[in-house]
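Numbering (numbering that gives the first Met the number 0) for the sequence shown: 0 to 216. Notes for the one structure printed next.
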Amino acid sequence: MQLSLKEILKFIQDGSYLKLKQEEEKLYLLKNMIRAEQDELNLKRIVWKEHGVIGEFETCRQYSYNHLDLNVLLLDLGILHLNTFVRSEELLEEDKEKLKDIQIPGKYFLRFTASNDLRAQISDSQYDPNLNNIRLIEKVALWRESYNKFELLNNHWKKVRLKVLESSDCKLSQKIIFTCGTLSIVESPARYRTDKVVDILGIETILKKSRVDQEKL
């Protein structure tokens, strides 16, 4: 077993992964509690200088759109092929076979599926209910402390996962099963450039199947 795989197994087996998930839960709970108290104070912005934390409410607008109508608009503007892509999971197998030579390969990522026992431990990680009895500033201090711990653990988790991907420890579709769960390398679905497939699939299919690339539009 190579070093990178040993590192990620150690991170999981020595309890670091469990701590990571526990800190994640603490952050979620504390953030909601702090937000609720700030809302009760009717203050859109609070600065806690001693902890280097700013609590600020921001307007978050959410939009929904009709893919077909948007694609027709982009086609009329002459920019549909520049700002969209087609996902392989949207296509029939016969269409994917036609496009196999021009697909954009999916990205690889390492998936960890926790065992039932580990998932139970994560679910049972209840945070101190006495949090309701402490002052807002104390909650902020706990949030900052938990955030620092989470960042340290999460950065290490990302690092060891990346090392496994960059090494030859695991192969695509191979699963490594151990006491705490299962590690596997998974490939995200392939994509196709709209301008490369429109002549093969036809404009009607493209209008129905293509999706906007948010990074380009």
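Glycine included, C-beta positions come from ideal geometry on N, C-alpha and C. Note that the coordinates shown come from a computational prediction; the quantities given were computed from them, not determined experimentally.
Next item on the list: Express the C-alpha separation of G105 and K208 in angstroms, rounding to a whole number.
Entry: Reading the sequence shown from its first residue, position 209 is the one you call residue 208. Reading the sequence shown from its first residue, position 106 is the one you call residue 105. Cα to Cα, K208 sits roughly 18 angstroms from G105.
Checklist line | CA-to-CA distance, E88 to L98, given in whole angstroms | finding: By one-based count along the sequence shown, residue 98 stands at place 99. By one-based count along the sequence shown, residue 88 stands at place 89. Between L98 and E88, the C-alpha separation is close to 13 angstroms.
Check: Whose C-alpha, out of Q12, K20, K138, is nearest the C-alpha of D123?
Finding: As a working note, residue 123 is residue 124 in the sequence shown. For D123, the nearest C-alpha among the options comes from K20.
Item checked: CB contact flag (R190, R110, <8 angstroms) -> Start at 1 with the first residue of the sequence shown, and residue 190 comes out as number 191. Start at 1 with the first residue of the sequence shown, and residue 110 comes out as number 111. No, the Cβ-Cβ distance between R190 and R110 is not below 8 angstroms.
Note to self: If you reduce the DSSP assignment to three classes, tell me which class R134 lands in.
What the structure shows: Here the question's residue 134 lines up with position 135 in the sequence shown. Of the three classes helix, strand and coil, the one that applies to R134 here is coil, per DSSP.
Notebook entry, point to check: So, using beta-carbon positions, are F10 and H155 closer together than 8 angstroms?
Noted result: Reading the sequence shown from its first residue, position 11 is the one you call residue 10. Reading the sequence shown from its first residue, position 156 is the one you call residue 155. Cβ distance < 8 angstroms, so F10 and H155 count as in contact.
Note to self: So, with DSSP's three-state summary, where would you put E165?
What the structure shows: For the purposes of this step, residue 165 is identified with residue 166 of the sequence shown, where counting begins at 1. Note: E165 maps to helix in three-state DSSP.
Checklist line | Residue interval of the beta strand (DSSP E) (run including I184) | finding: In the sequence shown, residue 184 corresponds to position 185, counting from 1. 180-186 is the span of the beta strand (DSSP E), which, as asked, contains I184.
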